[in-house]
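Here's the structure we're looking at; comments come further down.
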Amino acid sequence: MIVCSCNVLSDGQVRACLQPGPGCPRTPAQVYGCLGCSPKCGRCARTIRSILRNALDEAQAHTAAHGGAHACSTACEASCSLGSFQTTREPEGVAA
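Heads up, the sequence shown is in the numbering used here, so the first residue is 473 and it goes up one at a time.
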């Protein structure tokens, strides 16, 4: 499914850049950077943020299913952005 018409980005491309580790994007702007483009109209930001939230939920479910073991390797656990991604509040001023 295309999530960004301006840059022709699919949900699969967004998910593909969400690898556990310190370089994992945590914001839509970081996802654009990871995919080598920049936001144009901003309408896809909410969808990209939703994909990020789903990735976090899956990482947390994986952690819980494996007895509390972190989904990342021990070497990157402290800096893994999937474990520290905040989803409790929508940022203000994001284009709908």
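Each residue gets a CB set at the ideal place from its N, CA and C atoms; glycine is no exception.
Among the options, nearest to residue i - alpha-carbon criterion
i	options	result
HIS534	GLN502, ILE523 and PRO492	PRO492
VAL480	ARG515, CYS496, ARG525 and ALA537	ARG515
CYS496	ALA536, ALA537, CYS513 and LEU528	LEU528
ARG525	ALA536, ILE474, GLY539 and PRO500	PRO500
Check whether residue i and residue j have beta carbons under 8 Å apart
i	j	result
CYS489	CYS506	yes
ILE523	ARG487	yes
Integer Cβ distance of residue i from residue j, believed to fall under 8 Å
i	j	result
TYR504	PRO511	6 Å
Which runs of the alpha helix (DSSP H) spanning at least 4 residues fall entirely within the region 494-529, listed in chain order?
500-506
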